[in-house]
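The structure appears right after this line, and notes come after that.
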Amino acid sequence: MTDSSPLAASDRPLAHLPPADLDEAYENRAHIAKGDSWLQRWPKAAAAFRAGHPAASLDQPYGHDPRQRFDLFCPEGGLGAAKGMVGIVHGGYWMALSKDAFSHLAAGPLACGWAVAMIGYTLAPRVRIAEITAEIAAATNAIAGLGDGPLRLAGHSAGGHLVTRMMCADMALSHRATARLDRVVSISGLHDLRPLRHLAHNKTWQMDDAEAIAESPVLNMPRAGIELVCVAGAAERPEFIRQNALLPLAWQGLGVPAYSQLLADDHHFSVIDHLAEKGGAISHLVDAPLR
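For the sequence shown, numbering that gives the first Met the number 0 assigns the number 0 to the initial residue and increments by one for each residue that follows.
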């Protein structure tokens, strides 16, 4: 079978075969050289970034739980000088990590003139994925009330799922949030949760069929007027590359201006470095004017 793009002409049928082992198909760390070192590096880089930005407003509440907090970083001149607001949602399979490990990802959008909110949330198994989604909606409403200009959301892995859920018509976003939100960038995002029902991790998520369907962006109707960008590393696991392409292909038929991209040589962990640099490919995707 050919490896050609599913959108390219082919003289032979393309193979779309299911993974033999779903747990292995969605496992990243074991397939990345020195995978654990990335998890150790991020908190150090994040702490150094926060130390270099003493004017940041840390742990701003958007709810009552201790993890329902966001850190606000403003460009030179303060919030009033920002061209808009970028909300960033971390990954960790809805059950690990925190905003405090990813502060440095604010560097790219911040250098481009945006205010940046690093959003935290409660983790499974304390809450279900649907409850986390509701938390991100509350956080989105909170940061939409700060400053002026466009609101853009970016999320990595599980965070990609959470930010694309904010594009879905069933989310309880405020009028100000929907008026400001004009682009969502999903980085290696998970857009169809049904396969994840069968992973060993579901002992933690406790996701049933109904929740998997309701929480899958690809199975929801999108809001009008918001641009979608899905980006992943070309060296990622095939399932993440499939999930990256899936949502733009589905939503373009529902009127969404949608784009997908694979960054050469990047894997699931290295890809987010492009958000931490002003000239990074993902910083550009967040910052660029609407197409």
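We treat Cβ as the ideally placed atom computed from N, Cα and C, and that holds for glycine. The model shown is predicted, which means the values in this text are computed figures rather than measured ones.
Between L21 and L218, the beta carbon gap of about 19 Å keeps them out of contact (Cβ cut-off 8 Å). For the pair W204 and W93, the CB atoms are nearer than the 8 Å cut-off. If only complete runs of 3 or more residues are kept, the segment 4-63 shows the beta strand (DSSP E) at 56-60, in order along the chain. Counting along the chain, no beta strand (DSSP E) covers H190, and no H or E run does either. A straight line joining the alpha-carbon of V162 with that of G79 spans about 25 Å. Counting C-beta pairs closer than 8 Å gives three or more between the segment 65-81 and the segment 115-125, which meets the contact rule. Annotated three-state conformation of L71 is strand, per DSSP. Our two residues, V183 and L13, have alpha carbons roughly 31 Å apart in a direct line. With 16 or more other CB atoms across the displayed protein chains lying within 10 angstroms of its CB, M165 is buried. Contiguous alpha helix (DSSP H) elements confined to the segment 75-111 occur at 106-110, taking only those with 4 or more residues. Pairing G254 with P53, the inter-Cα distance amounts to about 43 Å. Annotation: the segment 107-193 contains the following complete segments of the alpha helix (DSSP H) (minimum length 4 residues), in chain order: 128-143, 157-164, 174-179. In this structure, the alpha-carbon of V270 lies about 8 Å from that of I186. When the alpha-carbon of L152 is set against those of D169, R125, G188, E26, the nearest one is in G188. Exclusion of the five residues before and after H267 leaves N27, S187, E235 as the residues of its chain whose Cβ lies within less than 6 Å of its Cβ. Straight across, the Cα-Cα distance linking A50 with Y61 is about 23 Å. Put simply, the backbone Cα of H30 is about 17 Å away from that of G90.
In this structure, the beta-carbon distance from A137 to M170 does not fall below 8 Å. In the DSSP assignment, L246 falls within the unbroken alpha helix (DSSP H) covering 237-251. Setting aside the 5 residues that flank it on each side, L245 is surrounded in the same chain by H190, D191, V217, each with a C-beta closer than 8 Å to its C-beta; the list follows chain order.
Cβ-Cβ distances below 6 Å link V228 to V184, Y258, L284 in the same chain, with the five nearest sequence neighbours on each side left out; the list follows chain order. For C167, the CB contacts under 8 Å within the same chain, skipping 5 residues up- and downstream, are P216, N219, M220, P221, R222 in chain order.
In chain order, A136, T139, N140, M165 place their CB closer than 7 Å to the CB of L172, counting only its own chain and leaving out the 5 sequence neighbours on each side.
In terms of Cβ geometry, K277 and C111 form a close pair [threshold 8 Å].
In this structure, the beta-carbon distance from R175 to G144 falls below 8 Å.
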